[in-house]
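A short worksheet on the structure shown next.
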Amino acid sequence: MWRKMLQQESEHQWLAISAFFVFIIIGAFFIKGTSHLPGIDLTENELGTDNRIMESHYIDKDNSFILTYIDGTYEFVSMNSGKMNKLIDSNSEYDASSISHVTTLDNDSVLISSLQSDVILIDGSNIFTFETNFGEDNFSVSNIEQSSSDSQQYLMITRESENQQSIRGFNSSGLTSSNTPNDENVNWQNLMHIG
230 MWRKMLQQES EHQWLAISAF FVFIIIGAFF IKGTSHLPGI DLTENELGTD NRIMESHYID
290 KDNSFILTYI DGTYEFVSMN SGKMNKLIDS NSEYDASSIS HVTTLDNDSV LISSLQSDVI
350 LIDGSNIFTF ETNFGEDNFS VSNIEQSSSD SQQYLMITRE SENQQSIRGF NSSGLTSSNT
410 PNDENVNWQN LMHIG
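The opening position of the sequence shown corresponds to residue 230 in this note's numbering, with each subsequent residue numbered one higher.
Right, dumping it as structure tokens:
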């Protein structure tokens, strides 16, 4: 009786092992197939084969802003009709590795939140910094979004001094609203204007 049960168990084990290997081979085939998604080639892109694209914002089909990672350093580049222009790299006064969010404005400029109280504005190849904190508060900007109804007003997700997040308003005249009361259990991820 034991011999017959062991023989049946052995047959089932071989069947299970065979099915497992077939599953592995089919899985490997599908994984290889997903390395070339329609419209996206993960092995080669407009920046070359060594660059890893971390975030991208497209103005139109010929113009884009891309945060890349290559050889241990972050770079923020613009692509204009296939020509790459490094805007922020390891030699810049700004640190591309601290970029937390990139927002495209209605005039095709770009606002960059870099976990500081100032925000970086890129207009063409010109880079400007503007301060968002004109008071005594201690906060850093982790996300900023332009208002859809008034291009001079913005909403920001800020990290407050107590490691809490909050929402603040900001306008181009330099007025920053006070932070919204927030529970420490609320973690704001993103802002988006609708309209």
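Glycine included, every Cβ here is placed at the ideal spot set by N, Cα and C. Since the structure is predicted, the reported quantities are computational estimates derived from the model, not experimental observations.
- Per DSSP, the continuous beta strand (DSSP E) segment holding D347 begins and ends at D347 to D352.
- Under the three-state reduction of DSSP output, F368 falls in the strand class.
- Looking only at I255, R388 and M283, the smallest Cα-Cα distance to V370 is reached by R388.
- Beyond the five residues adjoining it in sequence on each side, N314 comes within less than 7 angstroms, by CB distance, of V306, S307 and S354 in the same chain, given in chain order.
- Checking the DSSP bridge columns, you'll see Q382 partnered with N400.
- Within the stretch 279-357, the beta strand (DSSP E) runs of at least 3 residues that lie entirely inside it are, in chain order, 281-287, 292-299, 302-309, 312-317, 330-333, 339-342 and 347-352.
- I373 is the residue among K290, I373, I253 and V415 whose C-alpha sits nearest the C-alpha of R397.
- The Cβ-Cβ distance between F399 and T361 falls below 7 angstroms.
- Per DSSP, reduced to three states, the secondary structure at F359 is strand.
- Between L340 and S327, the CB-CB gap reaches or exceeds 7 angstroms.
- Residue pairing by DSSP places Q375 opposite Y383 in a beta bridge.
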